[in-house]
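Residue numbers (my numbering), protein chains in the order written: chain V, 1 to 115; chain A, 1001 to 1114.
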Amino acid sequence: EAGVTQFPSHSVIEKGQTVTLRCDPISGHDNLYWYRRVMGKEIKFLLHFVKESKQDESGMPNNRFLAERTGGTYSTLKVQPAELEDSGVYFCASSRVTGAKYEQYFGPGTRLTVT
Amino acid sequence: AQSVTQPDIHITVSEGASLELRCNYSYGATPYLFWYVQSPGQGLQLLLKYFSGDTLVQGIKGFEAEFKRSQSSFNLRKPSVHWSDAAEYFCAVGASGGYQKVTFGTGTKLQVIP
């Protein structure tokens, strides 16, 4: 069984540009989560999809961030326009069952650098 | 809201020595507690988890953790560290009531020296 995959592994963009990150969850996992870790700080929750619906987007920092999961399979996270403080590692995770009790499987992350 | 504190940013141990990584949480009820490990270039991997019952939980790779409600702690231990254990370790807490997101600590980087 393939794990969670994320693309790209690393992205370097200039302030003001747009970047789209992609996450492919484990097949059959209805729950998909996005997290972000900024410069040695804690890993922070961004949002949670159940299939194609946003269950919780309370962690999204502002309206420059847009997440989609059309068809309930892969998800994209777009940052437009990017700012310096958006730099960090963006993790995606998936789980089969909804709830904090259930293991989330993490991808390797996308390292975003905004210059 | 729940929170997690990992007071040690960086720890260095000798190979073969014992290890204890500290984790303190804040949550009003019985939490779900997790330890994850991230090796270079890899995603986070779950080491172990506590939901209820026996407060000493065993995980993969020879790790264990003990839930101490009175101290709001969930420290990770390993009796003998291997060079391959060098990684970053994250403690996390999830709420036991209803749906809640999982909250992570800031991580502890473990360096293992020969």
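Glycine included, each C-beta is placed from N, C-alpha and C at the ideal position. Everything numeric in this text was worked out from a predicted model, so none of it was measured.
Checklist entry - Would you say the stretch 62-70 of chain V touches the stretch 87-95 of chain V, given that touching needs at least three Cβ pairs under 8 Å? => result No, the stretch 62-70 of chain V does not touch the stretch 87-95 of chain V.
Item to check | Where the beta strand (DSSP E) through cysteine 1023 of chain A begins and ends | outcome: Taking the second sequence and counting its residues from 1, the one referred to as residue 1023 of chain A is at position 23. According to the DSSP assignment, cysteine 1023 of chain A belongs to no beta strand (DSSP E), since it is labelled neither H nor E.
Checklist entry - Whose C-alpha, out of V:Lys15, V:Pro25, V:Gln55 and V:Gly16, is nearest the C-alpha of threonine 5 of chain V? => result What you label residue 5 of chain V is simply residue 5 of the first sequence in a count that begins at 1. Of the candidates V:Lys15, V:Pro25, V:Gln55 and V:Gly16, the one whose C-alpha sits nearest the C-alpha of threonine 5 of chain V is V:Pro25.
Next on the checklist: Tell me which residue opens and which closes the beta strand (DSSP E) that leucine 1056 of chain A is part of.
Outcome noted: Within the second sequence, numbered from 1, the residue matching residue 1056 of chain A stands at position 56. Residue range 1056-1058 is occupied by the beta strand (DSSP E) that includes leucine 1056 of chain A.
Checklist entry - Are the C-beta atoms of glycine 1028 of chain A and some chain V residue less than 7 Å apart? => result By one-based count along the second sequence, residue 1028 of chain A stands at place 28. Judged by the 7 Å Cβ criterion, glycine 1028 of chain A is not in contact with chain V.
Checklist entry - Which residue comes first and which comes last in the beta strand (DSSP E) that contains glutamate 57 of chain V? => result Here residue 57 of chain V refers to the residue found at position 57 of the first sequence. Looking at the DSSP string, glutamate 57 of chain V is not in any beta strand (DSSP E), and its letter there is neither H nor E.
Checklist entry - Taking the DSSP output, what are the residues bridged to threonine 1012 of chain A? => result Taking the first residue of the second sequence as 1, we reach residue 1012 of chain A at position 12. For threonine 1012 of chain A, which the question treats as bridged, DSSP gives the partners A:Gln1111.
Item to check | Distance between beta carbons of valine 114 of chain V and threonine 18 of chain V, contact taken as under 8 Å | outcome: Position 18 of the first sequence, counted from the first residue, corresponds to residue 18 of chain V. Position 114 of the first sequence, counted from the first residue, corresponds to residue 114 of chain V. Not a contact, Cβ separation roughly 11 Å.
Checklist entry - Should isoleucine 1060 of chain A be labelled buried (16 or more other beta-carbon atoms within 10 Å of its own) or exposed? => result In the second sequence, counting from the first residue as 1, residue 1060 of chain A sits at position 60. By the 10 Å Cβ count, isoleucine 1060 of chain A comes out exposed.
Next on the checklist: Let me check understanding here. Comparing Cα to Cα, which of V:Ile13, V:Ala93, V:Val12 and V:Glu14 lies closest to phenylalanine 49 of chain V?
Outcome noted: By 1-based counting over the first sequence, the position of residue 49 of chain V is 49. Nearest of V:Ile13, V:Ala93, V:Val12 and V:Glu14 to phenylalanine 49 of chain V, Cα basis: V:Ala93.
Next on the checklist: According to DSSP, is aspartate 30 of chain V part of a helix, a strand, or is it coil?
Outcome noted: The sequence position of residue 30 of chain V within the first sequence is 30, counting from 1. In the three-state reduction of the DSSP assignment, aspartate 30 of chain V falls in the coil class, being assigned neither a helical nor a strand state.
Next on the checklist: List, in chain order, every chain A residue whose beta-carbon is nearer than 7 Å to that of glycine 109 of chain V.
Outcome noted: Along the first sequence, one-based indexing puts residue 109 of chain V at 109. What glycine 109 of chain V touches in chain A: Gly1043.
Next on the checklist: Looking at chain V, is there any beta carbon in it that lies within less than 7 Å of the beta carbon of tyrosine 1032 of chain A?
Outcome noted: Mapped onto the second sequence, residue 1032 of chain A falls at position 32. Yes, contact with chain V.
Next on the checklist: For glutamate 1064 of chain A, report the span of its beta strand (DSSP E) as first-last.
Outcome noted: As a first step, residue 1064 of chain A must be located in the second sequence, where it is residue number 64. That run of the beta strand (DSSP E) goes 1064-1068.
Item to check | Close beta carbons around phenylalanine 1067 of chain A, own chain, < 7 Å, minus the five adjacent residues each side | outcome: Against the second sequence, residue 1067 of chain A aligns to sequence position 67. Residues Leu1033, Tyr1050, Thr1055 and Phe1074 of the same chain have their beta carbon placed closer than 7 Å to that of phenylalanine 1067 of chain A, with the five preceding and five following residues left out of the count.
Checklist entry - How is lysine 15 of chain V classed by DSSP in three states: helix, strand or coil? => result Residue numbering aside, residue 15 of chain V sits at position 15 when the first sequence is read from its first letter. Correct three-state label for lysine 15 of chain V: coil.
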